[in-house]
Amino acid sequence: MNPIRFLPWLTLTLVLLFVGRIASEAMRSHDQPGKMPYDALGRLLVSDGGRTKPLDTFARSSLLKLNGRQTYEVDGKKRPAIEWLMEVWGDPEAAESRQVFRIDHPDVLAVIGVSQQDRTRFSWKEISPHFPEIVKQAELAFAVTRKKQDPFQRHITDLYNKLSEYATIRDFRKPYVVAPFAPGEEWAPLINQEGTALAEGESAKAIRSIIVALAAKPGESQRLDDLTKAVADYESAIAAKLPSDDRAAGLEVIFNRSAPFSQTSALYVLAFILGCAGLLIRPLSPDRWSIGFTKSASMVLIVSFAIHTVGLIARIYLQGRPPVTNLYSSAVFIGWACIPIALLGEWLTRSGLLQLIASLIGFATLIVAHNLGQSGDTMEMMQAVLDTNFWLATHVVVVTIGYSATFLAGFLACLYALGGVLTPLLKGEPMKALPRMIYGVICFASITSFVGTVLGGIWADQSWGRFWGWDPKENGAAMIVVWNLLILHARWGGMIKDRGVAALAIVGNIVTAWSWFGTNMLGVGLHSYGFMDSAVFWIVAFALSQLAVMGVALVPTDKWKSLTLSEPRP
Amino acid sequence: MNPAKSFLKAISSLRLTVILFALSMVLILAGTLAQTNSGIWTVVDQYFRSIYVAIPFQLFIPRKVATIPGVFPFPGGLTLGVLLFVNLLAAHLVRFKLTWKRSGIILSHAGVLLLLVGEFVTGAFAKEGNMSIVEGGTANYVEDIRTSELAIIDPSGSSDDLVVVIPQSFLEDSGVISNSLLPFDIAVVRWMGNSGLLGPMQQKPPGLPTATAGRGLQISAAPLPAANGVDGNTIDVPSAYVTLTKAGKSLGTHLVSVHPQVGTQEVTVDGKVYLIELRFERHYKPYSIKLIDFRHDKFVGTEMARNFSSHVQLTDPTRRVDREVYISMNQPLRYAGETFYQSSFMQGDKGTILQVVRNPGWLIPYISCSLVTLGLLVHFGIRLTASIRRKLA
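Listed in order, the protein sequences are those of chains H and F. Residues 1 to 570 in this note's numbering are what the first sequence spells out, letter by letter. Residues 1001 to 1393 in this note's numbering are what the second sequence spells out, letter by letter.
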């Protein structure tokens, strides 16, 4: 018996142990007697940006906005966001020395009197002497519209916004912590804009006693007992009055702590490495070694996909919305949607190639999502026109699947070109299977992108009376449809063969990236909900890289290392 | 081969299809990029509903990188659409074969033909306008916010006002407008297709006329480039300086503008009071809509709109209709061939702005899309089942 047969099962066991450990850590309460009850505090329900959420989420997204991370450092050690928020409320003076304001623009650093850039995080205390200058510069910059601001102006207004955000939180004007216990009440802040205390109801009193206990100094153990009791009392009151919101908050804390999408991206990397290993040793070693690695890769990929799915379902439940609601979630979803298509192809061909691409796309899209999620809460509320689950569930989901499939075809084509021209790894069956898969995925992409685009048109007709408005995002979607159809018709007409299909499918990646991001960068049209400034560089870099790969695909077939003369040329 | 046959072969070829697709890609890309410089409607007319378009090279290169003058000619959307239509129709005429295997392709291609027809019908016949109603108020006309008109109103009638309107096209070519219906002659001193208003303390750009009467004594207007949608202003605000004369005697130069700050002004001619105003072109309707209540809900603790909705009373004596309707985002009212959408609202939530669309072809895309989708599903379904069957066999 060959030990390599156990490799897939061993891998599966290890991966499941890893996942189980993370899940149990996320679900367990870490609060201990005599210590601050951070877990219980993070579990408390608040409302911010129109959404009820646990305080843990609010702390994370606020710190993310200020610091660019969901954690901060105390004496060189990473601490979770909820500890920072509790310090801001309980001991504001100490919190002022925490270096949580990220500043990276050299000219903005100059405004706060830093000439050498040895770090990028600063404390309120360090910045506060320079407030007059910051305000002056920000006021100058605010007079310019965001699009026309230069980098300094953008960064100084960002800093200004961060500082006022901090002050708003410190002064209890944000989030809305007073829960609506009586009928007809709405969520309210503890202190209103004018600085006067609001609300005298049961929940306001409970919140105050928590804050008082947080701020109490003498008698350390007494204070912690008071705090723990106040938090527990309030928590059970919320659970009684707002049971469904409270349950969701509990789940959201687990979601935050287990960070399913970061775990998933790590697993995709593992699947990719195992898959590569399987392919690389195929020419060198007995078949079963290669199969052992390839199968392990499949196992990891399936587990990873399962967690990805659970994460998506959790988001759907928490938000009460279909999976794609903003640019962040579209990235999470695109990666997710590629996987089953690729797994189906893998099952049909058993080539070990599709799962490689699937894990790569899964990882890459989650990285993109991670970067898109830097602006705060990724489950933000939606503009009125987008407030319809029916169209979000149909148009947005289908069109996003179309994007996914077009990307999948493009990346398969990249693999075909790079692997076929530069390496002999694809010799034989893969060189025949890949073009078939690329073609199949393009067919699928044509249907979904067409149907999705059309559903968008129907939504537009229902919402503002225009089936088609030539809006940039619509045009982007139309370009994907036309491009896929172009490839198919060129192939049906015999104008291109496998190599040509691959070359054009690689260009499809550029078309899709343009439609997904590029059109948002133009900042025009009804769809420009996700305007970004820094991503331009990455889009251009991606487009250039794809053109280079397409250049590789155009190398004459007798130079392809995976094609020997004895085999038919594509 | 005879020339007619070879022509038919060329016009029905897949090669032509692919070329047309490629040209469409370039056109759509250019038409998207062009929207950073000009308004969406200008672009739609120039690029997508035109026979040919001159595309500036500069579109493809950011100005920061390089300045490139010049344009290149390119077939417009109408040309490409018609060619695709002909190509597709010819292909089916030449290679028509009704088999089960080809049924999907025929269905979806029929849908595509219909889609092209639909876009053509929309381009040719669809009309869009706005209806602005303050709370408690009633409107019986639709405004076309893409064009304006100068109205001269004689309010002396006991029940109806006597209104003479001058369309924008007359105002654009500056000259003297005189007509027996008009109480005075109107000389257009300066027409501004899009404008911004300046207060009395603000510096006026040189070369602009000065008003000698009416609201223009306090406010002046300066021309702006056509709205492009990038800066958040999608609507052009036309203004004009006009000199009114009666029998060779000047009644003063007036500033007229669709901007509400200028509004309606009085002009007295021989002791009789007339009103003049520049307004968006009005189309009167047999029905009227009264706004009973406008709601603008926000998410708690934010300025973000959760929903807009208008509670209106629809009255149409010609069709014996008198009922209450709710119009909200994603829930339009379809009535008398027109559709009313919740589009926007007036400052301070004082009233609603409905978008009113008349598109005789609105149903075409629905039909064509069903056809295409069905066709694609049939076609690829047949293929996929065959391939899975091979796999399982």
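Glycine included, C-beta positions come from ideal geometry on N, C-alpha and C. Predicted model only: the values in this text are computed from it and were never measured.
Local conformation of residue i per DSSP, three classes
i, result
"Val-555/H", "coil"
"Leu-45/H", "strand"
"Phe-1308/F", "strand"
"Pro-54/H", "strand"
"Trp-516/H", "helix"
"Ile-1152/F", "strand"
"Leu-17/H", "helix"
"Asn-371/H", "helix"
"Gly-1232/F", "Per-residue confidence for Gly-1232/F stands at a pLDDT of 48, beneath the threshold of 50, marking its modelled position as unreliable; the derived number appears in the next sentence. In the structure shown, Gly-1232/F sits in coil (DSSP, three-state: anything other than H, G, I, E or B)."
"Asn-192/H", "coil"
"Glu-186/H", "coil"
"Gly-1337/F", "coil"
"Leu-356/H", "helix"
"Ala-240/H", "helix"
"Met-495/H", "coil"
"Thr-453/H", "helix"
"Pro-260/H", "helix"
Element boundaries [alpha helix (DSSP H), containing residue i]
i, result
"Phe-181/H", "Phe-181/H -> no alpha helix (DSSP H), and no H or E assigned at all."
"Phe-1021/F", "1014-1033"
Contact list for residue i against chain H, beta-carbon separation under 8 Å
i, result
"Thr-1017/F", "His-489 and Gly-493"
"Gly-1157/F", "Near Gly-1157/F there are no residues of chain H at all, since even the closest Cβ is about 36 Å away, more than 8 Å."
"Gln-1355/F", "Trp-464 and Gly-465"
Neighbourhood of residue i by C-beta distance below 7 Å, restricted to the same chain and skipping five residues each side
i, result
"Val-501/H", "Pro-435, Ile-438, Tyr-439, Ile-487 and Arg-491"
"Gly-1118/F", "Gly-1361, Ile-1364, Pro-1365 and Ser-1368"
"Thr-448/H", "Val-398, Ile-401, Gly-402 and Ala-405"
"Gly-1031/F", "Val-1043, Tyr-1047 and Phe-1048"
"Thr-1122/F", "Asn-1359 and Gly-1361"
Under 7 Å from the C-beta of residue i: neighbouring residues of chain F
i, result
"Ala-478/H", "Ile-1028"
"Asn-475/H", "Ile-1028, Gly-1031 and Thr-1032"
"Ser-463/H", "Met-1329, Asn-1330 and Tyr-1341"
"Thr-168/H", "What Thr-168/H touches in chain F: nothing, since even the nearest Cβ is about 11 Å away."
Residue from the options with nearest C-alpha to residue i
i, options, result
"Ala-188/H", "Val-555/H, Thr-52/H, Pro-472/H and Ile-357/H", "Thr-52/H"
"Trp-483/H", "Gly-508/H, Gln-99/H and Leu-426/H", "Gly-508/H"
"Leu-14/H", "Ile-339/H, Asn-326/H and Leu-267/H", "Leu-267/H"
"Ala-366/H", "Gly-335/H, Leu-348/H and Ala-213/H", "The question names Ala, yet the displayed sequence has Leu at residue 366/H. That would be Gly-335/H, whose Cα lies nearest to the Cα of Leu-366/H."
"Leu-1182/F", "Tyr-1274/F, Arg-1095/F, Gly-1199/F and Asp-1316/F", "Tyr-1274/F"
"Ser-1368/F", "Val-441/H, Ala-206/H and Ile-458/H", "Ile-458/H"
"Ile-1186/F", "His-1109/F, Phe-1170/F, Ala-1110/F and Asp-1161/F", "Phe-1170/F"
"Gly-352/H", "Ile-480/H, Gly-410/H, Phe-363/H and Leu-274/H", "Leu-274/H"
"Gly-373/H", "Ala-95/H, Ser-330/H and Ala-206/H", "Ser-330/H"
"Asp-1054/F", "Arg-1063/F, Ala-1139/F, Thr-1036/F and Leu-1027/F", "It should be pointed out that residue 1054/F corresponds to Ala in this sequence rather than to Asp. Ranking the options by Cα distance to Ala-1054/F, first place goes to Leu-1027/F."
"Gly-1070/F", "Ser-1309/F, Ile-1061/F and Leu-1208/F", "Ile-1061/F"
"Leu-1184/F", "Pro-1075/F, Val-1267/F, Asn-1087/F and Ser-1344/F", "Inspection of the sequence shows that residue 1184/F is occupied by Phe rather than by Leu. Considering only alpha carbons, the answer is Val-1267/F."
Neighbourhood of residue i by C-beta, 8 Å cutoff - its chain only, sequence neighbours within 5 removed
i, result
"Ala-393/H", "Pro-322"
"Ala-1010/F", "Leu-1016"
"Gly-1229/F", "Only weak support is given to the placement of Gly-1229/F: the predicted model assigns it a pLDDT of 49, under 50, and the value that follows is read from those uncertain coordinates. Within the same chain, Gly-1229/F has close Cβ partners Gln-1035, Gly-1039 and Ile-1040."
"Leu-7/H", "Gly-292, Phe-293, Lys-295 and Ser-296"
Residue interval of the beta strand (DSSP E) (run including residue i)
i, result
"Trp-470/H", "Careful: Trp-470/H lies outside any beta strand (DSSP E) and carries neither H nor E."
"Met-86/H", "Element bounds for Met-86/H: not the beta strand (DSSP E) but the alpha helix (DSSP H), 81-90."
"Arg-69/H", "Arg-69/H -> no beta strand (DSSP E), and no H or E assigned at all."
"Phe-1170/F", "It is not in any beta strand (DSSP E) - Phe-1170/F instead sits in the alpha helix (DSSP H) that spans 1168-1172."
"Asp-107/H", "Looking at the DSSP string, Asp-107/H is not in any beta strand (DSSP E); the run it does join, the alpha helix (DSSP H), is 106-111."
"Tyr-1287/F", "1272-1298"
"Gly-1129/F", "1127-1134"
"His-1254/F", "1249-1257"
Contacting residues, own chain, Cβ-Cβ under 6 Å from residue i (five flanking each side not counted)
i, result
"Leu-526/H", "Note that Leu-526/H scores a pLDDT of 40, beneath 50, so its modelled location is shaky; the value from the coordinates is reported in the next line. Correct list, in chain order: Asp-471."
"Arg-43/H", "Pro-54 and Val-253"
"Phe-293/H", "Leu-274, Ala-277 and Gly-278"
"Asp-1231/F", "Any reading at Asp-1231/F needs caution, since the residue's pLDDT is 46, under 50, leaving its predicted position unreliable; the model's value is listed next. Closer than 6 Å at Cβ, skipping near neighbours: no residue."
"Val-1356/F", "Gly-1129, Met-1131, Val-1142, Glu-1338 and Phe-1340"
Within chain H, the residues that residue i reaches when beta carbons sit closer than 9 Å
i, result
"Leu-1376/F", "Cys-443, Ser-446, Ile-447, Phe-450 and Val-451"
Interface residues of chain F facing residue i [CB-CB closer than 8 Å]
i, result
"Val-454/H", "Pro-1365, Cys-1369, Val-1372 and Thr-1373"
Beta-carbon neighbours of residue i, restricted to chain F and to distances below 9 Å
i, result
"Met-458/H", "According to the sequence as given, residue 458/H is Ile; it is not Met. Here the neighbours are Pro-1365, Tyr-1366 and Cys-1369."
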